[in-house]
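Trainee: Residue numbers (this note's numbering), protein chains in the order written: chain A, 1 to 73; chain B, 74 to 331.
1) Could you check if residue 260 of chain B is buried or exposed, using at least 16 other CB atoms within 10 Å of its CB as the buried criterion?
2) Taking Cβ-Cβ distances shorter than 7 angstroms, what residues in chain A pair up with residue 260 of chain B?
3) Please classify residue 294 of chain B: does DSSP put it in a helix, a strand, or coil?
4) Helix, strand or coil for residue 154 of chain B per DSSP?
5) Let me check one thing: in DSSP terms, what residues is residue 208 of chain B bridge-paired to?
6) Give the C-beta separation of residue 123 of chain B and residue 95 of chain B to the nearest angstrom, bearing in mind that I take them to be a contact with Cβ-Cβ under 8 angstroms.
7) From residue 93 of chain B to residue 107 of chain B, what distance separates their C-alpha atoms?
8) Measuring CB to CB, does residue 162 of chain B end up less than 8 angstroms from residue 117 of chain B?
9) Verify whether the separation of the beta carbon atoms of residue 207 of chain B and residue 224 of chain B is less than 8 angstroms.
10) Using Cβ-Cβ distances below 8 angstroms, what residues of the segment 202-227 of chain B are close to chain A?
11) I'd like to know whether the C-beta atoms of residue 157 of chain B and residue 78 of chain B end up nearer to each other than 8 angstroms.
12) Using DSSP bridges, identify the partner residues of residue 273 of chain B.
13) So is residue 33 of chain A buried or exposed if we call it buried at 16+ other beta carbons inside 10 Å?
14) Taking Cβ-Cβ distances below 8 angstroms as the criterion, which residues of the segment 12-36 of chain A are in contact with chain B?
15) With the cut-off set at 8 angstroms, would you say residue 278 of chain B and residue 246 of chain B are in Cβ contact?
16) Determine the direct distance from the alpha carbon of residue 67 of chain A to that of residue 56 of chain A, and round the result to whole angstroms.
17) Look up residue 37 of chain A in the DSSP assignment and say whether it is helix, strand or coil.
18) Name, in chain order, the residues that DSSP records as bridge partners for residue 67 of chain A.
19) Identify whether residue 28 of chain A lies in helix, strand or coil by the three-state DSSP scheme.
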């Protein structure tokens with residue numbers, strides 16, 4: 001059943017994301033750079049490893065946590 | 074609300090700090106409190122013109138802080154609302170003239186020696202020196218927010234700064250709500266804003282053309298005070314000032330043009 005996504009839902013999502021970064025005093029750009037640097041380091045140890053690395057901000061109770069997911073083959 | 078020295082702040086400009094300060098001041102005065110409202114902007118004067126008192130400004134906040142005038146000379150008694158007094162902002166551009174320590178002393182003096190029950194401090198927008206000075210004497214804060222992303226983001230930042238200053242009695246004023254847009258899902262709801270910011274709202278004020286009309290009347294500017302039981306603006310303010318006292322007013326519904 002088709003349902004128009006209400007614009008406020010989108011606004012709320014954007015807000016929660018931007019506030020997560022603001023409160024952690026990080027910028028999304030910084031996180032991208034971190035991810036890129038992590039990938040480089042990873043390649044030195046696992047030259048074949050390319051896929052699946054993810055780095056993201058997560059809320060854990062009161063704290064903001066930067067989570068890196070590094071699947072090893 | 075226990076705090077007697079209250080800073081009215083928002084982060085973002087144009088969300089209704091000054092209108093809120095003026096209205097709440099009038100509302101509290103109507104409830105019998107002796108209230109001083111202080112315009113702490115640097116170089117821009119707003120509270121006086123919103124209250125319709127611009128013609129009576131002689132001395133301002135910087136005159137008092139620098140000893141050129143006594144606070145009683147600078148305070149303007151609002152003739153329409155008993156117990157309401159305004160201390161206008163200075164029109165100097167010199168940010169350094171606003172000394173937080175002296176300002177704090179002034180607020181203390183008003184509360185302890187001049188018999189004021191509340192001091193409402195209209196903070197400028199931003200997070201710089203103007204806000205910092207305005208927040209220095211505060212025991213509590215009213216964070217004015219509009220239900221839209223930029224305002225909520227700035228409010229979140231301001232709340233962080235207030236808590237860092239150990240100002241903990243912080244309450245939300247959600248201003249310029251449009252209930253019809255909220256029901257259509259085109260505007261953040263009160264619940265959304267409260268969930269995101271984590272503060273209790275003491276006032277929910279719908280968008281109201283009448284507020285602007287009261288700023289620009291053909292006659293005299295000022296509040297709709299001659300309407301019995303109301304301060305400035307719509308039903309938002311009557312419920313809000315009662316919330317400061319802990320009563321539970323009904324949630325306003327959108328009706329017509331509000």
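All C-beta atoms, glycine included, are put in the ideal place defined by N, C-alpha and C.
Mentor: The structure says:
1) In the second chain, counting from the first residue as 1, residue 260 of chain B sits at position 187. Per the 10 Å Cβ criterion, buried.
2) Position 187 of the second chain, counting from 1, holds the residue named residue 260 of chain B. What residue 260 of chain B touches in chain A: 8.
3) Here the question's residue 294 of chain B lines up with position 221 in the second chain. With a pLDDT of only 47 at residue 294 of chain B, under the threshold of 50, the placement of this residue in the model should not be trusted; the figure read from the coordinates follows. Correct three-state label for residue 294 of chain B: coil.
4) Taking the first residue of the second chain as 1, we reach residue 154 of chain B at position 81. In the three-state reduction of the DSSP assignment, residue 154 of chain B falls in the coil class.
5) The count along the second chain starts at 1 and reaches residue 208 of chain B at position 135. For residue 208 of chain B, which the question treats as bridged, DSSP gives no partner whatsoever.
6) Counting from one through the second chain, the residue named residue 123 of chain B turns up at place 50. Counting from one through the second chain, the residue named residue 95 of chain B turns up at place 22. Between residue 123 of chain B and residue 95 of chain B a beta carbon distance of about 5 angstroms is seen, short of the 8 angstroms cut, so the two are scored as contacting.
7) Residue mapping note: residue 93 of chain B aligns to position 20 of the second chain, counting from 1. Residue mapping note: residue 107 of chain B aligns to position 34 of the second chain, counting from 1. If I take the Cα positions, the gap works out to 17 angstroms.
8) Along the second chain, one-based indexing puts residue 162 of chain B at 89. Along the second chain, one-based indexing puts residue 117 of chain B at 44. Between residue 162 of chain B and residue 117 of chain B, the CB-CB gap stays under 8 angstroms.
9) Walking along the second chain from the start, residue 207 of chain B turns up at place 134. Walking along the second chain from the start, residue 224 of chain B turns up at place 151. Going by C-beta atoms, residue 207 of chain B is not nearer than 8 angstroms to residue 224 of chain B.
10) Interface annotation for the segment 202-227 of chain B against chain A: 221, 222, 225, 226, criterion Cβ-Cβ distance under 8 angstroms.
11) Counted from its first residue, the second chain places residue 157 of chain B at position 84. Counted from its first residue, the second chain places residue 78 of chain B at position 5. Not in contact: residue 157 of chain B and residue 78 of chain B (Cβ atoms no closer than 8 angstroms).
12) Numbered from 1 along the second chain, position 200 holds the residue referred to as residue 273 of chain B. Checking the DSSP bridge columns, you'll see residue 273 of chain B partnered with B:244.
13) In the first chain, residue 33 of chain A corresponds to position 33, counting from 1. Burial state of residue 33 of chain A is exposed, judged by a 10 Å Cβ sphere holding fewer than 16 other Cβ atoms.
14) Close to chain B, meaning a Cβ-Cβ distance shorter than 8 angstroms, are the following residues of the segment 12-36 of chain A: 12, 14, 15, 16, 18, 19, 22, 23.
15) Stepping through the second chain from its first residue, residue 278 of chain B is reached at position 205. Stepping through the second chain from its first residue, residue 246 of chain B is reached at position 173. It is a contact, given that the beta carbons lie within the stated cut-off.
16) Within the first chain, numbered from 1, the residue matching residue 56 of chain A stands at position 56. Within the first chain, numbered from 1, the residue matching residue 67 of chain A stands at position 67. Straight-line Cα distance between these residues: approximately 5 angstroms.
17) Within the first chain, residue 37 of chain A is the residue found at index 37, counting from 1. Helix at residue 37 of chain A.
18) Mapped onto the first chain, residue 67 of chain A falls at position 67. Residue pairing by DSSP puts residue 67 of chain A in a beta bridge opposite A:56.
19) The count along the first chain starts at 1 and reaches residue 28 of chain A at position 28. Residue state, collapsed to three classes: helix.
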